[in-house]
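According to the numbering used here, the sequence shown is numbered sequentially starting from -8. C-beta: ideal position from N, C-alpha, C; glycine also.
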Amino acid sequence: MNQWTKTFILLAVAGVAVAATVATRPSDRQVSLLSDQGTPLAPLLKDALEIRSIEVISFDEQAVKTRAFGVVSDGKTWTLPSADNYPADASEGVSRAAAAFAGLIRERVVSDNKADFAKFGVQDPSDPGVVASAGGLGTKVTIKDGSGRALVDVILGKAVDPADVNQTASKKRYVREVGKSRVYVTTIEGAFSTRFVDWVET
-8 MNQWTKTFIL
2 LAVAGVAVAA
12 TVATRPSDRQ
22 VSLLSDQGTP
32 LAPLLKDALE
42 IRSIEVISFD
52 EQAVKTRAFG
62 VVSDGKTWTL
72 PSADNYPADA
82 SEGVSRAAAA
92 FAGLIRERVV
102 SDNKADFAKF
112 GVQDPSDPGV
122 VASAGGLGTK
132 VTIKDGSGRA
142 LVDVILGKAV
152 DPADVNQTAS
162 KKRYVREVGK
172 SRVYVTTIEG
182 AFSTRFVDWV
192 ET
C-alpha cells in the first residue's frame, strides 16, 4: 500500500467520523426545546404584597359555559368587580395563589405544537374560537401587580398521569403560558376554581 492510498483511506475514515458526528448531534430544534427547561414559570412573582388582581377563568362542562372569578385590590381593600366592587377579605386566597406560583418551574417540555393543546388540556377557556368545542380546555390564571403587569398568565391543564412520572401520587400538571405554544410539566399545590367560596371570606 503506497502513501497516497494510506492518505486516501485516512481521509475517508475521517469523513465518515465527521458525518456520524453531524448526524447524531442534537438538532437546533431539540436544543431550542430544552433551552428554558428548569427555569421559573413566574419569575416576576416575588412578593404576595405586590399582587393587585387575580382572575381565574374555566369552562363548566356540565353547564356548557365559561365561568370567571376575579378579585382586585387598591392596596388596602379587596373587592369583587363582578359584584359592584363589593368588599371582601380575599387575603387568604391571594396568599395561597402566590405560594402556589412562586418558584414554579418548567420541569419538562412535552410539546411545542398547538395541535397538542387539547391532549394536555391547555386550551384557553377565554378564547371564543375554542370554547365551542369544549375539548381540552384548561384553567386560565392571571395575576397582576398595581401597574397592570402580568406576574402570572398561564393555563393549567390536565394532571399528569402518575405512571408517566414514575410515582404513585403526583401534583404535577401540564401548563402553558398564555400566547405561547410550548407545554410543560410542572408541580403545583392546590387547584384554582371560579367558585366564590373557594376564594373569599365575606
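Rounded straight-line distance, which links the Cα of residue j to that of residue i
i: S82; j: S138; result: 19 Å
i: G120; j: F50; result: 13 Å
i: V55; j: D136; result: 32 Å
i: G127; j: A150; result: 12 Å
i: D27; j: G61; result: 30 Å
i: T30; j: I42; result: 22 Å
i: L32; j: Q53; result: 31 Å
i: V101; j: V85; result: 29 Å
i: V113; j: D107; result: 9 Å
Integer Cβ distance of residue i from residue j, believed to fall under 8 Å
i: I179; j: R164; result: 6 Å
i: I48; j: K131; result: 4 Å
i: E46; j: T133; result: 5 Å
i: L142; j: L35; result: 5 Å
Under the three-state DSSP convention, the category residue i falls into
i: S82; result: helix
i: V174; result: strand
i: V101; result: strand
i: P31; result: strand
i: F183; result: coil
i: G148; result: strand
i: Q21; result: At Q21, the pLDDT of 49 sits below 50, so the modelled position is not reliable and the matter cannot be decided from this model.
i: V169; result: coil
i: R58; result: strand
i: R164; result: strand
C-beta contact flag for residue i and residue j at 8 Å
i: K105; j: S44; result: no
Below-8 Å beta-carbon distance, residue i vs any chain D residue
i: V113; result: The structure shown contains no chain D; it holds only a single protein chain.
Exercise. Answer yes if the stretch 92 to 110 comes into contact with the stretch 72 to 80, meaning at least three C-beta pairs across the two stretches below 8 Å, and no otherwise.
Key: Because the criterion of three Cβ pairs below 8 Å is not met, the stretch 72 to 80 and the stretch 92 to 110 do not touch.
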